[in-house]
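Please read the structure below before turning to the comments.
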């Protein structure tokens, strides 16, 4: 199991190579996959078509995402086969679904990730009986960067997750508005499409809170980021309210590390630990082992010691929630 975990943690950083089978018209959608088998995302990902942007209803394909490229190439090939079987030119098909000819060619060539409404319209026009629309279940996952897909898969399997975050609110705890503000602040800036993809990916990971049986989730946040009103008053109030809501869940422990405390082992950066049903674990720390995911028991014990010390120095869960409530009242 440890060897398998090592393979997954490599994918966490670099993505995984996947093989994808071609789907014949009228058949069920089938993919031969590796580490992403059974990996579900809870974000619907629907998007409203912007006015005046009929030729750009999609996202660019990451050329380094081999599984994603394979999925989008397969979907594009299927769309082209069905369009040609219907005797439609690309321009004619585009007019029927409300998109430009150039966009049709990009999707069919696997150069553009189609949005859901494109697939729904194509399914209707080509009388595909739901075959094309069904591909959205995998297409929507390609929206998410491959590193996030691998991290999400690990989180989906974990029975216990522990996170220490020193500079921002942990991603699993962020609202969509707060996440968008943080991502938009990056330099050089991401494109609007990339921002939306990354926000959707971050929110998709939060399905861990809805799992049954519930995993044990522990978070320690530094106090300093809790004073930084990212996005303005309303966005920040919603974020603080969200922290309180999650912190009151029976399987969630939320703690705050006060700024007036002594030095602690988390000053080097973020720490994340995940434990699995078979007793194995994986961890990562910005300030240890080159920031790489680890599964070695000796290295894991070091991270567990550091994380345990951090939790011991932080405010208690009750005092932490009271602190967040105080901040909310002052906002």
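In the numbering used here, the protein residues as written are 1391 to 1721.
Don't be surprised by glycine CBs; every beta carbon is placed ideally from N, CA and C.
Cα-Cα separation, residue i to residue j
i, j, result
"residue 1567", "residue 1629", "8 Å"
"residue 1494", "residue 1504", "9 Å"
"residue 1576", "residue 1474", "43 Å"
"residue 1435", "residue 1539", "Bear in mind that the predicted position of residue 1435 carries a pLDDT of just 30, short of 50, making it too unreliable to give a figure here."
"residue 1699", "residue 1683", "20 Å"
"residue 1542", "residue 1595", "5 Å"
"residue 1499", "residue 1451", "11 Å"
"residue 1555", "residue 1712", "19 Å"
"residue 1559", "residue 1688", "29 Å"
"residue 1569", "residue 1686", "32 Å"
"residue 1669", "residue 1651", "33 Å"
"residue 1481", "residue 1453", "27 Å"
"residue 1679", "residue 1613", "26 Å"
"residue 1600", "residue 1631", "18 Å"
Buried or exposed by the 16-neighbour rule on C-beta atoms within 10 Å, applied to residue i
i, result
"residue 1622", "exposed"
"residue 1655", "buried"
"residue 1605", "buried"
"residue 1468", "buried"
"residue 1520", "exposed"
"residue 1455", "buried"
"residue 1647", "buried"
"residue 1693", "buried"
"residue 1739", "Not covered by the structure: residue 1739. The range shown for the chain is 1391 to 1721."
C-beta contact flag for residue i and residue j at 8 Å
i, j, result
"residue 1701", "residue 1645", "yes"
"residue 1466", "residue 1515", "no"
"residue 1627", "residue 1718", "yes"
"residue 1509", "residue 1491", "no"
"residue 1610", "residue 1704", "yes"
"residue 1633", "residue 1598", "no"
"residue 1449", "residue 1583", "yes"
"residue 1529", "residue 1461", "yes"
"residue 1571", "residue 1620", "yes"
"residue 1677", "residue 1658", "yes"
**OP:** Kindly provide the ranges of any alpha helix (DSSP H) runs that are 4 or more residues long and lie completely inside the segment 1639-1719, ordered along the chain.
**Re:** 1687-1703
Original post:
So does the segment 1542-1552 actually touch the segment 1661-1674, counting three or more Cβ pairs closer than 8 Å?
Top reply: yes
Original post:
Are there three or more Cβ pairs, one per stretch, closer than 8 Å when the segment 1583-1594 is compared with the segment 1527-1542?
Top reply: yes
**OP:** Let me know the alpha helix (DSSP H) ranges lying completely inside the segment 1469-1555, each 4 residues or longer, listed in chain order.
**Re:** 1480-1487, 1491-1498, 1506-1515, 1521-1524, 1526-1532, 1536-1547
Subject >> Contiguous beta strand (DSSP E) assignments of at least 3 residues, all confined to the segment 1557-1584 >> reply: none
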